[in-house]
Every structure is written in C-alpha cells, then in structure tokens.
DNA sequence: GCGCTATCCTGACGGCGTCAACATCGACGG
DNA sequence: CCGTCGATGTTGACGCCGTCAGGATAGCGC
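Chains as they are written, first to last, in my numbering: chain W, 1 to 226; chain Z, 1 to 226.
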C-alpha cells in the first residue's frame, strides 16, 4: 500500500514495471501491476485538473491508469472514496503550502499572518479544482480518517497562527479567539472562493490581476492583524 | 412567457388549465398546458432542495412537472440553462432577503451594515443548495442576461452599503473602497460557505448553533464597521 | 503443491443528458 | 373558413456513467 501521507505532486512517469518489452504488442493484461492505487490517484488528479469536478469520471481515471473501469472499486470503493482520498492529500498540501510561505516570510507576527493568507490564496489559485473539491461537502466522506486528520492539521495550523498573533496585547482586540479564528478563515476562504468563482470585485484588469489579488490579500490581513 | 423577474417562492398549485372534465380518464396527453417553464422551475427548486446539486436531474424535474424527459429542452436548452435560470432567481431572492433585513434594522449605519450580513447568512442557511448553486461557476452560463443583471443588482446593493458606511469619516479607515467591498463580501461569503460546508469552527454545540452563528456574524460585522 | 485472498477483468443493469423524428396545438394569413 | 407553420410536447435511440455480480489471475502462507 502506498504511503497515505504522500504529499508530493502527482507523478506521471510510469513505474518500471512496464518495460518496453520489444515489439510485443500488449501483454494479455497484467493483474497486480504494482501500485495501482497511487497511479489512480495521480490519474484522478490530472482528470480533475483538466475536466473539473463536474466532468470528473471514475471510468476516465481508470482509462488513464490503463486498467478496466471497475478496477478503482477495489481501492476506493466508489467515487466518493477516491474523491475523499484526493481531498485529504489536498488538505495536506494546503498545509505545506502555507508552512512554506510562512517560512519564507520575515519572522514577525503580522508578516507571518499575512504570509499564511498568501499561501492559502496561492494554493487555491494553483489548484483551483482541487481546492473546490476539498470544500464540496456533498461528494466527500467525512467519516474518513485520513480526511479528518488532514483537515484538522490544517485547521490547527490556523489556530496556532491566530494564537501567535494574539500572544502580545496589541492586535485583534476582541478577547474571543474563536471569533478571531472564524474571521481569519472566513476572510481568506471567502476571498479565495470568490476569486475562483470569477466574482472577484473589479476583475476587469487594468494591470496585473494576480498582483491585484495578492495586494488585496496582503492589505486585508495586515488590517485584520492590526 | 412567465415573468423572468418572478422572485416569489415556487408555487406548487396547478394552473386552472386542467379542469377535472368529468370521468374522462386522461386526455391523450395535453400539449401546451400553459406555463411549463414556470412549473419546471418550481419542480427544479424542489429537486434541488431535496437532492442537492449532485443529485439534481433534468429527468426528475420533468417527472415532477408531469412531462416527458425531453420537454425541458424546449424551454431551457440543456441542464445548464435551467440551473442558470434558477441561479438568477436566487440572486434576486438574496437581494430581497438582504433588503428586508436592512429595512427591519434600526436606521443607523453600523446596524444596517450588520443587518445586511445577517440577511446574507440567513439566505444561505434557509436555501443552502440554492446558495451553493449560485456560486458553482462550472454549471452556470455566465453569458446569460438574466443571471448577469440579477447578480449585478446584488453586488450593487453591497457597494451601496459600503458607501453608506463610509459616508462619514469615522469607520473603515482605509481609503480604498474596493478593498472594503472585497473584505465585506469575502467575510460574509466565507462565513456562509464554511458554515454550509460543515467547517464552521467549534460547531460542537453547547448551546444553540444558530444563535452562535448569528452572534458571530453580528460581532464580526460590527468590528468590521468600526 | 495447494488453497486463499487480494487484485483485476468482463459483462450487465438502470439512469442520465442529448439529439432526431414525429405529433399536436394555436395563431395568423389567404 | 381553411391551410400552413412555428412553438411546444412526445417517443425512441445513443453513448456515457457508476455500480454490482461473477470469473480469472497471481502471490503467499501452509
């Protein structure tokens, strides 16, 4: 079984289990070809990015992985299982993206706070379909353990950031941390969601759209922090 | 053609076009039975609320409306057309809900501002599937005129509220109205989206969940305003 | 060497959206 | 008053989908 905590980007290179094997046109179908689960996840990632969640298809994933249409059932049960597994890795990757952005920021509370928001937005922009999947409640199995732990880890990261911001008396006057957390998450999540839905205010681009968005996030969270 | 600006809740009562007509068992199918378009929209509303967007089906809508599976095509083209029409009425209803909440609030800037947010949240809570549909970019036709005008009206309502809030020098220090609008919309939209996705922080209910959410919205927007 | 189980295939089923072909109704012009 | 014509419904078909049942294959412990 592949490592379920694998957070790396999907690899499209075939494992060495398929040598060219000369002009033999095709083997009479190989059962047990190694780690189909990983390859299915990789294929699903491509399908999701290409076709979106509306055009996502279990059979297409199987096709890309070179197996029959019923093969995924043995690893994921049904389509919900596959999407849930993808969502779990998505939360893990979101966590890593935010952590990387924080690590690259100057070691100062407000800057780290804004950097986290920038990381959130960057993940959403770079993986729009994956991001949308993670919050599409109806298509996920919320009893799945991997999903819960991955989502919780990302949430705890957020709580930690807010706590760090409030460690000194200056910022975020309201004493209720829950409200602070809710506000922080809602603001960045709302920004990301609206941008992805094409509803970002004033998108008619004079100038760079990306820069505008990043600047908005930066300004919003510096204001939120102070 | 029915009024495309109809914002009332769907009516389930049959139009008087079907008199009992004695014991005649059934007419050999009535073509032109009045306003199928309206009835299809009403049926679609029920299907959406019951099954969600994932379980939404054109054929089921046709079944509920008592017509054949291909009938909707004559009024909406394809499923995108129907969903787009529903999204348009959704934006109109959101606008009305917010307006009603503002009208019921004390005539003071901050209170009206918070009331609008409360209206936004109330609409999302009372029509979760409809609300989700309105922001599901991939299933809507964004060249549709009715959708554009309805969405723009709701957006202009938001812009007006922010402008009203900034009319006196006190609140929302940042001079950039665009940032204020973005922040306002993102915050309330993020709150609504996260609540609907079941990701609202600390949902484990000691006490009334609804009250907690409403109080959070209230507090968040009073803080945003001042 | 032998079954056991995980893995994978084939084939089938019902449901879906869409299209093409046909039926009917209402309206409008002769 | 009648004929035609477009708008509005119906029927049937197509291909695709997810899922399930049943059979094939391969590796592994005994």
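We put the beta carbon where it would ideally sit given N, CA and C, even for glycine.
Please read all numbers here as calculations on a predicted model, not as lab measurements.
Query raised in the report: Mind pulling the chain W residues with CB within less than 7 Å of residue 189 (chain Z)?
Result: 190, 193, 194
Query raised in the report: According to the neighbour-count rule (16 or more other Cβ atoms, all chains shown, within 10 Å of its Cβ), is residue 165 (chain W) buried or exposed?
Result: buried
Report task. Please report how far the alpha carbon of residue 194 (chain W) lies from the alpha carbon of residue 112 (chain W), in whole angstroms. Result -> 23 Å
Query - residue 190 (chain Z): first and last residue of the uninterrupted alpha helix (DSSP H) it sits in - result: 177–196
**Report entry** For residue 224 (chain W), the three-state DSSP class (helix, strand or coil)
**Finding:** helix
Report task. With a 10 Å radius around its C-beta and 16 neighbouring C-beta atoms as the bar for buried, classify residue 93 (chain W) as buried or exposed. Result -> buried
Report task. May I have the straight-line CA-CA distance separating residue 99 (chain Z) from residue 105 (chain Z), to the nearest angstrom? Result -> 10 Å
Requested in this report: Could you pull the start and end residues of the alpha helix (DSSP H) that residue 81 (chain W) belongs to?
Outcome: 79–103
Report task. Kindly list, in the order they appear in chain W, the residues whose Cβ is closer than 7 Å to that of residue 52 (chain Z). Result -> 138
**Report entry** Environment of residue 126 (chain Z) [buried if 16+ CB atoms lie within 10 Å]
**Finding:** exposed
Requested in this report: Within its chain, find whatever has a CB closer than 6 Å to the CB of residue 188 (chain Z); leave out the 5 residues flanking it on each side and keep chain order.
Outcome: 117, 120
Query raised in the report: Apart from the five residues on each side of it in sequence, which residues of its chain come closer than 8 Å, Cβ to Cβ, to residue 61 (chain W)?
Result: 40, 43, 44, 47, 72, 82
Requested in this report: Taking only beta carbons into account, state which residues of the region 109–121 of chain W come closer than 9 Å to chain Z, listed in chain order.
Outcome: none
Query raised in the report: Is there at least one Cβ from chain W nearer than 9 Å to residue 131 (chain Z)'s Cβ?
Result: no
Query raised in the report: Out of curiosity, what's the CA-to-CA distance linking residue 57 (chain W) and residue 79 (chain W)?
Result: 8 Å
Report task. Output the distance between the C-alpha atoms of residue 197 (chain W) and residue 222 (chain Z), rounded to the nearest integer angstrom. Result -> 27 Å
Query raised in the report: Is residue 128 (chain Z) helix, strand or coil by DSSP?
Result: helix
Query - Where residue 142 (chain W) falls: helix, strand or coil (DSSP) - result: coil
**Report entry** Nearest-angstrom Cα separation, counted from residue 155 (chain W) out to residue 179 (chain W)
**Finding:** 14 Å
Report task. Consult DSSP for residue 218 (chain W) and reduce its assignment to one of helix, strand or coil. Result -> helix
Report task. Output the distance between the C-alpha atoms of residue 63 (chain W) and residue 136 (chain Z), rounded to the nearest integer angstrom. Result -> 27 Å
Requested in this report: State the CB to CB distance for the pair residue 124 (chain Z) and residue 192 (chain Z), rounded to an integer number of angstroms; the pair is presumed to be in contact (CB under 8 Å).
Outcome: 4 Å
Query raised in the report: Quick one: what does DSSP say residue 56 (chain W) is sitting in, helix, strand or coil?
Result: coil
Report task. Measure how close the beta-carbons of residue 101 (chain W) and residue 87 (chain W) come, nearest whole angstrom, since I'm counting them as under 8 Å. Result -> Contact flag wrong, Cβ pair sits at about 21 Å.
Requested in this report: Compare the C-beta of residue 183 (chain W) with all C-beta atoms of chain Z and state if any pair is closer than 9 Å.
Outcome: yes
Query raised in the report: Does any residue of chain Z bring its CB to less than 9 Å from the CB of residue 27 (chain W)?
Result: Annotation note: pLDDT 44 at residue 27 (chain W) (below 50); position unreliable, coordinate value reported separately. It does not; no Cβ of chain Z falls within 9 Å.
Query - Interface partners of residue 198 (chain Z) on chain W, CB under 8 Å - result: 137, 142
Query raised in the report: Taking the C-alpha atoms as reference points, what is the distance between residue 75 (chain W) and residue 216 (chain W)?
Result: 42 Å
Query raised in the report: Where do the ends of the alpha helix (DSSP H) carrying residue 45 (chain Z) lie?
Result: 36–51
Report task. Identify the continuous alpha helix (DSSP H) that holds residue 107 (chain W) and give its terminal residues. Result -> First-last for residue 107 (chain W): undefined, no H or E at that position.
Report task. Starting from the C-beta of residue 159 (chain Z), find all residues in its chain whose C-beta is less than 7 Å away, skip the five residues before and the five after it, and write them out in chain order. Result -> 181
Report task. Would you please verify whether the beta carbon of residue 179 (chain Z) is less than 9 Å from any beta carbon of chain W? Result -> yes
Query - Proximal residues to residue 129 (chain Z) (C-beta, below 8 Å), its chain only, five neighbours per side dropped - result: 48, 49, 52, 53
Requested in this report: With a 10 Å radius around its C-beta and 16 neighbouring C-beta atoms as the bar for buried, classify residue 77 (chain W) as buried or exposed.
Outcome: exposed
Query raised in the report: Who are the neighbours of residue 216 (chain Z) on chain W, taking C-beta pairs under 7 Å?
Result: 179, 182
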